[in-house]
Amino acid sequence: MRRPLLICAVLCLAACSIAGVAQDLRVPASVTAGEEATIPTTGSGKATFYLVGPGVSRKNDVSLGEEIHLQGQDLRNAGDYLALVCSDTCHTGTFYVIAAKPSSLTFLVHPSRVPVGQGDAISGVAFPFDQFKNLVLAPATVTFQLAVGDKPLFSRPVRAQNGVAWFRTASGKSAGLVQVIASLDDVTAKRAVQQVASEPCNLRITGQRIPIGVLVQTEPVHDCAGNVVPDGTIVTFSATEANGKSTVDAPIKQGIARAQMEASGTTVVSAASGVVMGNELRIGGKP
Amino acid sequence: MKFTLPIILVVATAALMVLALFGAGQAHGTVGIAAGSAVYTPKASTPEQALKNLLVDVQRRNWDRAMTAVSKTSDTNKQMFIQDWTGTNGSLRSFSSLEGFESRPLHITNDEAQMRVRLHWTTPVGPLEDVRDFRLVREGDVWKTVLPKVQLPSVPSQVIPVTYLRWDLVSGGAADEWGSKNVDAPHVRIISMNAVDSAEGAVVMGEVVNEDTVPAFVNVNATLVDGAGSAIDDETSFDKIDHVLLPKQVSPYRIDFPNINLKNVKNVRMDVKATLVPASADPVIGVMNQKIESDVQGKSVLHGDLLNQSGQTVNISHVVVSFYDNNAKVVWVADGYEDHALLPQSSAPFAVEIPKSVASKVQNFHVVVNQYSLGRS
Numbered sequence: 001m002r003r004p005l006l007i008c009a010v011l012c013l014a015a016c017s018i019a020g021v022a023q024d025l026r027v028p029a030s031v032t033a034g035e036e037a038t039i040p041t042t043g044s045g046k047a048t049f050y051l052v053g054p055g056v057s058r059k060n061d062v063s064l065g066e067e068i069h070l071q072g073q074d075l076r077n078a079g080d081y082l083a084l085v086c087s088d089t090c091h092t093g094t095f096y097v098i099a100a101k102p103s104s105l106t107f108l109v110h111p112s113r114v115p116v117g118q119g120d121a122i123s124g125v126a127f128p129f130d131q132f133k134n135l136v137l138a139p140a141t142v143t144f145q146l147a148v149g150d151k152p153l154f155s156r157p158v159r160a161q162n163g164v165a166w167f168r169t170a171s172g173k174s175a176g177l178v179q180v181i182a183s184l185d186d187v188t189a190k191r192a193v194q195q196v197a198s199e200p201c202n203l204r205i206t207g208q209r210i211p212i213g214v215l216v217q218t219e220p221v222h223d224c225a226g227n228v229v230p231d232g233t234i235v236t237f238s239a240t241e242a243n244g245k246s247t248v249d250a251p252i253k254q255g256i257a258r259a260q261m262e263a264s265g266t267t268v269v270s271a272a273s274g275v276v277m278g279n280e281l282r283i284g285g286k287p
Numbered sequence: 288m289k290f291t292l293p294i295i296l297v298v299a300t301a302a303l304m305v306l307a308l309f310g311a312g313q314a315h316g317t318v319g320i321a322a323g324s325a326v327y328t329p330k331a332s333t334p335e336q337a338l339k340n341l342l343v344d345v346q347r348r349n350w351d352r353a354m355t356a357v358s359k360t361s362d363t364n365k366q367m368f369i370q371d372w373t374g375t376n377g378s379l380r381s382f383s384s385l386e387g388f389e390s391r392p393l394h395i396t397n398d399e400a401q402m403r404v405r406l407h408w409t410t411p412v413g414p415l416e417d418v419r420d421f422r423l424v425r426e427g428d429v430w431k432t433v434l435p436k437v438q439l440p441s442v443p444s445q446v447i448p449v450t451y452l453r454w455d456l457v458s459g460g461a462a463d464e465w466g467s468k469n470v471d472a473p474h475v476r477i478i479s480m481n482a483v484d485s486a487e488g489a490v491v492m493g494e495v496v497n498e499d500t501v502p503a504f505v506n507v508n509a510t511l512v513d514g515a516g517s518a519i520d521d522e523t524s525f526d527k528i529d530h531v532l533l534p535k536q537v538s539p540y541r542i543d544f545p546n547i548n549l550k551n552v553k554n555v556r557m558d559v560k561a562t563l564v565p566a567s568a569d570p571v572i573g574v575m576n577q578k579i580e581s582d583v584q585g586k587s588v589l590h591g592d593l594l595n596q597s598g599q600t601v602n603i604s605h606v607v608v609s610f611y612d613n614n615a616k617v618v619w620v621a622d623g624y625e626d627h628a629l630l631p632q633s634s635a636p637f638a639v640e641i642p643k644s645v646a647s648k649v650q651n652f653h654v655v656v657n658q659y660s661l662g663r664s
């Protein structure tokens, strides 16, 4: 970011050195982004003023002995600026524009979905920006909060360093939507993390013989923390009998997965969801 | 001198044209087996010629003339005959064409013959082979084909309530604030991987699971790396996988590296890519009566029936199977397309061949079914 400015400055100074003697211009030590500033000049007659900064390059005629007014719109981008006044000789000065007060927080939260009961599973990082989208590097305290509905779960103030504040925490015990909030003064950013049930726990099936085979179903499928496993989760039923095997990938509906399978003899039925196995069930053959 | 090169080019082109005309048709010919060609003989004096006439007309979709090669004793009619060969209900067969065939006699007497035909189909999912047995009889001095009754599936009118889940995907607009609408890609994990040499080259296979609570479109990539750390080849699972995995669903995958031997491979880099996609938990397809048997050619084949338990027609079903040894290690992954549509509440048989080299090791298997329905992505 600063390298092109430096090159510009070096080139200008080199030009000034050739033309005459470069003298310092009395510029403000620092300016806040978007605010106006003035640069006093001495002498008399006309001169040319140059302003070079991040995303800004301006040239206009000025009268020596009068103040040069820098408009707020010329100083919107934070960074190093070079001011140059040339008549017979050139006078230069550099100053730094700092970001204005934070007006927005860019807040990244990862992941958007997380199984319950996972350590250090949720992380968030906040970047304060001013109204001109300059990263605010000044130290500030960002407060991170996790809440379910109106109930706060976690609150941690973090000192932003070099324009960055971050946190990391474990996921909670209950499935559901968690609000993640970052706030800095009166600026707030909200994100949502969906806490989802973890792997099914104690997957148990029951079954019975029906005229066309066997009907098997799971008991309500929960994770080990008691959260209901989301509908649509696949449970694979396998029915093995002496002359073959039948399988059905059945989605959980209202907490229960159910499947009908063709089998006439004594049948052993098992169930699995992902890498989790359930119990085995033996169903006698057709009478 | 200046005419030498053009003359050589003309001669070479002519030679290649002649080769293409007379060579290509016999490229896959096998001694003792009649290969399919466009030659039609009006009077079929042999069973081979009669069958060839029928199949040539099927190739050309010349149904009227094909029916003249069918025996009057056949238990079929023209419409059923056409539907048998062209498919119905948007099935894979209806997008296929008969590219060629090879027939061999199984049994021939003076008046009756039994022929086995290997049919080569071109389809949108690649070349497929089908083996059919035909019975031919001599009627006067002409041989004709006896076609069995074609059982076209039909479903009675009914209302089938469907209450399965569907996942829709809402994407944020370009104007959204950075980070405000990030939705993570599904979490998918490779749970097993095995690399083996096969007759065609190296094969990397295993299983992948969607550990997330949302559906995922999954692709598995593998890179073979040599001793110097350089990539030898990079391939994907292509259609040897069930791409759309619902939450907690497990799919086999197989990645083929033709003409590569594993002895040159030091390492295999695996990479699984998952994308969040809209999906539906319907239709549910049960895989019934699965068993491994030997077919008429002595090959080990996994047979079974696909049962469409929903109220929607599945136009093309694709079976992907992982075969395990006695240590539950995946020793082979095979797939097969069903060329007939699967109507609601109806079943259709499927068969997947197991290579001879692994057939003796297979102790168990897991079948998943990919399904494609017209009008649904």
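These protein sequence lines map, in sequence, to chains A and B.
At position 7 of the first sequence (counting the first as 1) the number is 7 in my numbering, and the numbers step up by one without a gap.
At position 97 of the second sequence (counting the first as 1) the number is 384 in my numbering, and the numbers step up by one without a gap.
Backbone N, C-alpha and C define an ideal beta-carbon position, used for all residues, glycine too.
Residues near residue i in its chain [Cβ-Cβ closer than 8 angstroms; skip 5 each side]
i	result
residue 243 of chain A	265
residue 337 of chain B	331, 356, 423, 429, 430, 431, 432
residue 333 of chain B	430
Expected contact under 8 angstroms - CB spacing of residue i and residue j to nearest Å
i	j	result
residue 635 of chain B	residue 593 of chain B	5 angstroms
residue 171 of chain A	residue 116 of chain A	5 angstroms
residue 361 of chain B	residue 434 of chain B	4 angstroms
residue 545 of chain B	residue 487 of chain B	6 angstroms
residue 83 of chain A	residue 33 of chain A	With a Cβ gap of about 16 angstroms, residue 83 of chain A and residue 33 of chain A do not count as contacting.
residue 532 of chain B	residue 251 of chain A	Their Cβ separation, rounded to whole angstroms, is 12 angstroms, which puts residue 532 of chain B and residue 251 of chain A out of contact at 8 angstroms.
residue 273 of chain A	residue 200 of chain A	5 angstroms
residue 476 of chain B	residue 491 of chain B	Going by Cβ atoms, the distance from residue 476 of chain B to residue 491 of chain B rounds to 16 angstroms, so no, they are not a contact pair.
residue 217 of chain A	residue 257 of chain A	7 angstroms
residue 261 of chain A	residue 598 of chain B	Residue 261 of chain A to residue 598 of chain B, Cβ: 19 angstroms. No contact.
Spatial neighbours of residue i in its chain, beta-carbon cut-off 6 angstroms, leaving aside the 5 residues before and after
i	result
residue 642 of chain B	none
residue 315 of chain B	With a pLDDT of only 40 at residue 315 of chain B, under the threshold of 50, the placement of this residue in the model should not be trusted; the figure read from the coordinates follows. Closer than 6 angstroms at Cβ, skipping near neighbours: no residue.
residue 28 of chain A	37, 95
residue 398 of chain B	425
residue 376 of chain B	600, 628
residue 653 of chain B	609
Pair within 9 angstroms by beta-carbon distance, residue i and residue j
i	j	result
residue 651 of chain B	residue 610 of chain B	yes
residue 381 of chain B	residue 374 of chain B	yes
residue 246 of chain A	residue 493 of chain B	no
residue 163 of chain A	residue 135 of chain A	yes
residue 158 of chain A	residue 167 of chain A	yes
residue 506 of chain B	residue 523 of chain B	yes
residue 60 of chain A	residue 48 of chain A	yes
residue 198 of chain A	residue 225 of chain A	yes
residue 510 of chain B	residue 555 of chain B	yes
residue 401 of chain B	residue 421 of chain B	yes
residue 111 of chain A	residue 193 of chain A	yes
residue 502 of chain B	residue 454 of chain B	yes
Per-residue burial, residue i [other beta carbons within 10 Å of its own, 16 or more giving buried]
i	result
residue 514 of chain B	exposed
residue 416 of chain B	exposed
residue 444 of chain B	exposed
residue 291 of chain B	exposed
residue 124 of chain A	buried
residue 489 of chain B	buried
residue 284 of chain A	exposed
residue 119 of chain A	exposed
residue 122 of chain A	buried
residue 203 of chain A	buried
residue 46 of chain A	exposed
residue 78 of chain A	buried
residue 269 of chain A	buried
Same chain, Cβ closer than 7 angstroms to residue i, neighbours up to 5 away in sequence not counted
i	result
residue 358 of chain B	424, 426, 431, 432, 433
residue 298 of chain B	none
residue 659 of chain B	602, 603
residue 21 of chain A	The predicted position of residue 21 of chain A is uncertain, since its pLDDT is 39 and thus under 50; a value taken from the coordinates is nonetheless stated next. The residues are 89.
residue 65 of chain A	41, 42, 43, 44
Within-9 angstroms CB hit, residue i to chain C
i	result
residue 261 of chain A	Chain labels in this structure do not include chain C; the protein chains are A and B.
Exercise for review: Enumerate, from N- to C-terminal direction, the unbroken beta strand (DSSP E) stretches of 3 or more residues contained entirely within the stretch 474–528 of chain B.
Suggested key: 475–485, 488–497, 503–512, 518–523
Practice item. Identify every run of the beta strand (DSSP E) within the stretch 401–474 of chain B, keeping only runs that are complete inside it and at least 3 residues long; order them along the chain. Key: 415–426, 429–433
Practice item. Ignoring anything shorter than 3 residues or poking outside the stretch 170–258 of chain A, list the beta strand (DSSP E) runs there in chain order. Key: 176–184, 187–196, 205–210, 213–218, 234–241, 244–251
Point to revise | Unbroken stretches of the alpha helix (DSSP H), 4 residues or longer, contained in the stretch 523–595 of chain B | key: none
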